[in-house]
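In the working numbering, the protein residues as written are 1079 to 1302. First comes the structure, then the notes that go with it.
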């Protein structure tokens, strides 16, 4: 349920907002931590390869996080002015813009994986492994960008608990699928380092689909 942030004690609102967001931040960090744990069991080369990806992963993620902060501020002002149509329009437009921006950046990164990571110091031995991982991850990030924008809309409406639950769900799906895809459990082919990126892709798409459906059919936050 959304919380009216325009009335009531400020301290209580801050606590109500901060605790779920803090738990969500822990869940975000767990994505990389869980990937790192399982990939480390593949050997030194895969572990070194995935370590090289972190600067690029966090750079693109930071761009989206900054985008999300602006989205939350803009939508919250519209809600504070009781301008529901504007809030819905901003939610729709920013979700599309975030997806297109992230997709463009990721496709550029996909085309320049070898020179990009070569500049970062990756050796010829590691570049094929980096390509295996990033070749999939670059398709997972646009879904995450749209999801984060939708979460910003939820947070702007004061419902940080729902936001935290969605992030935790994505992290849990990623953690469960990592060993399945990396090591080939449950009849799936052994994918190695690419399995970690595949788990992230599936988790992002699954949670994005559920989030969009909930926001559209239950909360009706998108412009029509």
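Cβ coordinates follow ideal geometry from the N, Cα and C atoms, glycine included.
Among the options, nearest to residue i - alpha-carbon criterion
i	options	result
residue 1273	1130, 1286, 1254	1254
residue 1198	1106, 1134, 1284	1134
residue 1143	1156, 1162, 1177, 1160	1177
residue 1184	1258, 1139, 1240, 1125	1139
residue 1136	1215, 1155, 1160	1215
residue 1294	1203, 1170, 1149, 1235	1170
7 Å CB neighbourhood of residue i in its chain, flanking five on each side removed
i	result
residue 1208	1127, 1130, 1131, 1191, 1195, 1200
residue 1282	1218, 1221, 1222, 1225, 1248
residue 1156	1164, 1165, 1168
residue 1276	1214, 1259, 1269
Residue i burial status per 10 Å Cβ neighbour count (16 or more: buried)
i	result
residue 1237	buried
residue 1220	buried
residue 1180	buried
residue 1187	buried
residue 1168	buried
residue 1265	exposed
residue 1122	exposed
residue 1079	Confidence in residue 1079 is poor, its pLDDT being 48 and thus under 50, which makes the residue's placement unreliable; the coordinate value appears in the next sentence. Under this definition residue 1079 is an exposed residue.
DSSP-derived helix/strand/coil call for residue i
i	result
residue 1298	coil
residue 1200	coil
residue 1192	helix
residue 1159	coil
residue 1166	helix
Sequence-distant residues of its chain with Cβ nearer than 8 Å to residue i (five each side left out)
i	result
residue 1296	none
residue 1120	1260, 1270, 1271
residue 1285	1225, 1244, 1247, 1248, 1251
Nonlocal neighbours in the same chain, by C-beta distance under 6 Å from residue i, ignoring five residues either side
i	result
residue 1290	none
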